[in-house]
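Reading through the structure tokens given below for one structure.
Residue numbers (the numbering used here): -16 to 288.
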């Protein structure tokens, strides 16, 4: 993030990061109105490739539609920008960030009259919660903050403003010595992590929260597919926090977090306190897919140009 010579795509132009500037009066800076995506590119034997790029860009379009923001660029243009940002910056693996925001033509809560802008940036990013987290697992607490009700903040949009809720929860968790947070919905059922979806394993069955308060994660969808291919039963249900405490295994999924085991929740050991066999099996399948080692899912990868 400190490389001011990296190239950023801004409204169709390639600019050095030091020149890709916006006004301090931009509407999104003041009100948080915008949306974004996080996409990983992985190193493969054929060069860097972006994982499930079409699905991410579809979700970006969906987020803009939910927020009633008109997208100024079509998917083909954004696809090219996401591929090129990896190649132009000479990255073998990367985190790619398309972001849609409103300009400084208008302030005030109603954004009518503010122009829509789009950036695409990329940077190297290792394991989101640290490399040791993928191997040893993390400690998590249930947050005192609830995930938004769907009629407070429409939760299927990856909206910038929604992440204030995530920031509050993860800062609370880390202040108290934990690595991450689990948020409940407004009815007290498990929703998701601060920026991850959650799964538990109980008696050989993979369970996920049945909730409208969580983002429809693309890594979550990937795990469901891989689990079913491995012969695992996958089911969504309303999960309570005590069901999480009593799970045999717990793990987070997300583009940034990938598949991260959870070994402790609220000072209660999960299973034997080590990442479990189902989590490990799904980790192996996931990393084989993203690195191009699984021919069955080669269509999930888009080469960088």
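Backbone N, C-alpha and C fix where the C-beta goes; we use that ideal spot for every residue, glycine too.
Exposure label - residue i; buried when at least 16 CB within 10 Å
i	result
residue 4	exposed
residue 166	buried
residue 237	buried
residue 258	buried
residue 244	buried
residue -12	exposed
residue 31	buried
residue 57	exposed
residue 37	exposed
residue 81	buried
residue 8	exposed
residue 193	exposed
residue 248	buried
residue 278	exposed
residue 135	exposed
residue 28	exposed
residue 114	exposed
residue 266	buried
residue 176	buried
N- and C-terminal bounds of the beta strand (DSSP E) containing residue i
i	result
residue 18	17 to 19
residue 174	173 to 176
residue -12	Looking at the DSSP string, residue -12 is not in any beta strand (DSSP E), and its letter there is neither H nor E.
residue 164	163 to 167
residue 260	Note, residue 260: premise wrong, no beta strand (DSSP E); alpha helix (DSSP H) at 260 to 273.
residue 181	180 to 185
residue 74	Counting along the chain, residue 74 falls outside any beta strand (DSSP E), and DSSP gives it neither H nor E.
Counterpart residues of residue i in DSSP-defined beta bridges
i	result
residue 220	192
residue 100	84
residue -4	-7
residue 67	Residue 67 is not bridged to any residue.
residue 286	32
residue 244	234
residue 25	32
residue 252	247
residue 108	According to DSSP, which records beta bridges pairwise, residue 108 is partnered with nothing at all.
residue 142	18
residue 227	Partner(s): none; residue 227 has no beta bridge.
residue 124	164
Distance between beta carbons of residue j and residue i, contact taken as under 8 angstroms
i	j	result
residue 288	residue 70	5 angstroms
residue 128	residue 144	Between residue 144 and residue 128 the Cβ distance is about 15 angstroms, and since that is not below 8 angstroms, they are no contact.
residue 142	residue 50	6 angstroms
residue 22	residue 79	4 angstroms
residue 47	residue 92	Actually they are not in contact, since the Cβ atoms of residue 47 and residue 92 sit about 18 angstroms apart, beyond 8 angstroms.
residue 235	residue 163	7 angstroms
residue 174	residue -9	That pair is no contact at about 33 angstroms.
residue 67	residue 43	Contact doesn't hold; Cβ gap of about 17 angstroms is too wide.
residue 126	residue 155	6 angstroms
residue 282	residue 254	Residue 282 to residue 254, Cβ: 34 angstroms. No contact.
residue 24	residue 77	4 angstroms
residue 217	residue 181	With 8 angstroms as the limit, residue 217 and residue 181 do not qualify as a contact, their Cβ atoms being about 13 angstroms apart.
residue 146	residue 240	Going by Cβ atoms, the distance from residue 146 to residue 240 rounds to 15 angstroms, so no, they are not a contact pair.
Residue i - containing alpha helix (DSSP H), residue span
i	result
residue 52	Residue 52 -> no alpha helix (DSSP H), and no H or E assigned at all.
residue 130	No alpha helix (DSSP H) contains residue 130, which DSSP labels as neither H nor E.
residue 201	201 to 212
residue 2	Where residue 2 is concerned, there is no enclosing alpha helix (DSSP H), given that its DSSP letter is neither H nor E.
residue 150	146 to 158
residue 9	Neither: residue 9 is in no alpha helix (DSSP H) and is coded neither H nor E.
residue 115	114 to 119
Cβ-heavy atom distance, residue i to the ligand SAH, below 6 angstroms
i	result
residue 205	In the structure on display, the ligand SAH does not appear, and there are no ligands present to speak of.
Evaluate contact between the region 121 to 135 and the region 156 to 176, counting only Cβ atoms and requiring at least three cross-stretch pairs below 8 angstroms. Touching, yes.
Counting pairs of beta carbons, one from the region 147 to 164 and one from the region 197 to 211, are three or more of them closer than 8 angstroms? Taking 8 angstroms as the limit for Cβ pairs, the verdict is that the region 197 to 211 does not touch the region 147 to 164.
Taking three-plus beta-carbon pairs below 8 angstroms as touching, is the region 92 to 111 in contact with the region 208 to 225? They do not touch, by the three-pair rule.
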